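> Please read through the structure below; I'll follow up with questions.
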Amino acid sequence: MPAPIDRLTHTPSISCVMPAFNEAGTLARLVPQVLSELLLLSPQVELVIVNDGSRDASAHVIDSLCQQYPEVVGIDLSRNFGKEAALTAGLHAARGEVVVLMDADGQHPVALVARMLALWREGQDVVYAVRRTREDQSRLHAKLTHVFYRLINWGSRVEIPAHAGDFRLMDRQVVEALKALPERNRFMKGLYAWVGYRSMAIDYEPLPRADGRSHFGWRGSIALALTGMLAFSITPLRLLALAGLLLAGAALFYGAWVIAEYFLWGIDVPGYATIVVGLMFFSGIQLLSIGVLAEYVARIYEEVKQRPAYWVRQRMGRGLPDPASQVRERPARGPRTARAERDHTQPSLPL
Ligand code: UDP
Ligand code: MG
5 MPAPIDRLTH TPSISCVMPA FNEAGTLARL VPQVLSELLL LSPQVELVIV
55 NDGSRDASAH VIDSLCQQYP EVVGIDLSRN FGKEAALTAG LHAARGEVVV
105 LMDADGQHPV ALVARMLALW REGQDVVYAV RRTREDQSRL HAKLTHVFYR
155 LINWGSRVEI PAHAGDFRLM DRQVVEALKA LPERNRFMKG LYAWVGYRSM
205 AIDYEPLPRA DGRSHFGWRG SIALALTGML AFSITPLRLL ALAGLLLAGA
255 ALFYGAWVIA EYFLWGIDVP GYATIVVGLM FFSGIQLLSI GVLAEYVARI
305 YEEVKQRPAY WVRQRMGRGL PDPASQVRER PARGPRTARA ERDHTQPSLP
355 L
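Residue 276 in our numbering sits at position 272 of the sequence shown; the count goes up by one each step and never skips.
So this is what it looks like as structure tokens:
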């Protein structure tokens, strides 16, 4: 166990992880700016850019940035795995004592990292940025987001903070905890909450996108919300059970009413319309229940296959020294050495 460091006096090495999907237009401008800001905070800095299977010239831009700046590391994924997987790949590649996650589109103001680091010095393990406004989103989107967080946190022990994004600074301990989580359906906002640690929110105003447009339209947002809901909550199953209970209660009540009508007032049971409507309604509810169950089963299927969350084509650049190789310089060498080397290029999720 390394000796605990005095955060107030220690200058930590900083890794900044940036997932990038079709960000060629922004990276060349953003990287020097982020690097110069980070180098004001620590002499030991690396910028891990994860190329998430971009279809534009991002790979080429990252390659030339790696050659230009010794601090830049490029992690080239074999295809587009999605932002959550790209973040995971970046966390596995990062070697700093603190790790900052930041988008590659210039929406996250790098100036905020100094404040985050100051709070880390005061003892916070996680400092995350919460957007002050959602003016760039429609009212409906903002309302649905609100409902989503109410539902996902309903009856849950782990409270996922609403509006917290991926822009955050984390201590090495927190990063190790996140790396130990083996699931494939990764909803990072939930995973950050699950690992816990002393966390603090600071608010910020997102900058306008430097180039291009958001990759998360309605479809992307709904898919992510679904992954989050299914991975972190059994609320949909509970709601179905509740609906079943209410409907069964209503059917019982209606049955009693029909019997009473027949025996007390001699009114005949009215025709087939009620039967048809009832039948359609109940079969609809049943199909819906099966559908929701199937969503959970599909996720279980994906988990049991144990495929890695991402696959690295190549790692470029140097970045910070590898702590594993520093251990390796000691006399004891064995088969673990080769494993440690491999672990930095491919996911090392515990299986
Ligand atoms: N991103 C990614 N893989 C994807 C989609 C997005 O790595 O499949 C990256 C993207 O390059 C950016 C960050 O994730 O750095 C946030 O994406 P975006 O700006 O589209 O999302 P928003 O800011 O609208 O939430
Ligand atoms: Mg963005």
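C-beta: ideal position from N, C-alpha, C; glycine also. If you're wondering where the values come from, they're calculated on a predicted model, not measured in any experiment.
Starting from the Cα of residue 309, find the closest Cα among 59, 186 and 132 and give me that residue.
The residue you call residue 309 lines up with position 305 of the sequence shown. Check the Cα spacing between residue 309 and each of 59, 186 and 132: the tightest is with 186.
> Just the residues with CB closer than 5 Å to a heavy atom of ligand 1, in chain order, which are they?
23, 24, 25, 27, 56, 86, 87, 90, 107, 108, 109, 218, 219 and 220
> Would DSSP call residue 74 helix, strand or coil?
As a position in the sequence shown, residue 74 is number 70, starting the count at 1. Residue 74: coil per DSSP, three-state reduction.
> Mapping DSSP to helix, strand and coil, what is residue 141?
Within the sequence shown, the letter at position 137 stands for residue 141. If DSSP states are grouped into helix, strand and coil, residue 141 belongs with coil.
> Any idea if residue 280 is buried or exposed, counting beta-carbon neighbours within 10 angstroms, 16 or more meaning buried?
Counting from 1 along the sequence shown, the entry for residue 280 is found at position 276. Looking at its Cβ environment, which holds fewer than 16 other Cβ atoms inside 10 Å, residue 280 is exposed.
> So, helix, strand or coil for residue 23, using DSSP?
By 1-based counting over the sequence shown, the position of residue 23 is 19. Looking at residue 23 - three-state DSSP - the assignment turns out to be strand.
> Over what stretch of residues does the alpha helix (DSSP H) that includes residue 224 continue unbroken?
Working through the sequence shown from its first residue, we reach residue 224 at position 220. Element bounds for residue 224: 222-236.
> Beta-carbon within less than 7 Å of residue 198's beta-carbon, same chain only, minus the 5 sequence neighbours each way: which residues are those?
Locating residue 198 in the sequence shown gives position 194, counting from the first residue. Cβ neighbours of residue 198 beyond the five flanking positions: 162.
> Just grab the DSSP bridge partners of residue 49 for me.
What you label residue 49 is simply residue 45 of the sequence shown in a count that begins at 1. Paired residues: 18.
> Taking all protein chains shown into account, decide if residue 124 is buried (16 or more other Cβ within 10 angstroms of its Cβ) or exposed.
As a working mapping, residue 124 is identified with position 120 in the sequence shown. It counts as buried.
> Distance, Cα to Cα, residue 103 vs residue 42?
Start at 1 with the first residue of the sequence shown, and residue 103 comes out as number 99. Start at 1 with the first residue of the sequence shown, and residue 42 comes out as number 38. Each residue's alpha carbon lies about 12 Å from the other.
> Does the beta carbon of residue 111 fall short of 8 Å from some heavy atom of ligand 2?
Sequence index remark: in the sequence shown, residue 111 carries index 107 (1-based). Using a cutoff of 8 Å, the CB of residue 111 counts as near ligand 2, since one of the ligand's heavy atoms is closer than that.
> Hey, would you say the C-beta of residue 33 is under 8 Å away from at least one heavy atom of ligand 2?
By one-based count along the sequence shown, residue 33 stands at place 29. Answer for residue 33: no, Cβ out of range of ligand 2.
> Within 10 angstroms of its Cβ, does residue 297 collect 16 or more other Cβ (buried), or is it exposed?
For the purposes of this step, residue 297 is taken as the residue at position 293 of the sequence shown. With fewer than 16 Cβ atoms within 10 Å of its Cβ, residue 297 is classed as exposed.
> Is residue 12 helix, strand or coil by DSSP?
Position 8 of the sequence shown holds residue 12. It is coil, neither helix nor strand.
> Leaving out five residues before and five after residue 355 in sequence, what residues of the same chain have Cβ atoms less than 8 Å from its Cβ?
Position 351 of the sequence shown, counted from the start, is the residue given in the question as residue 355. Below a pLDDT of 50, predicted positions are generally treated as unreliable, and residue 355, at 39, falls in that range; the measurement from the model is reported next regardless. Only 186 and 310 meet the Cβ criterion.
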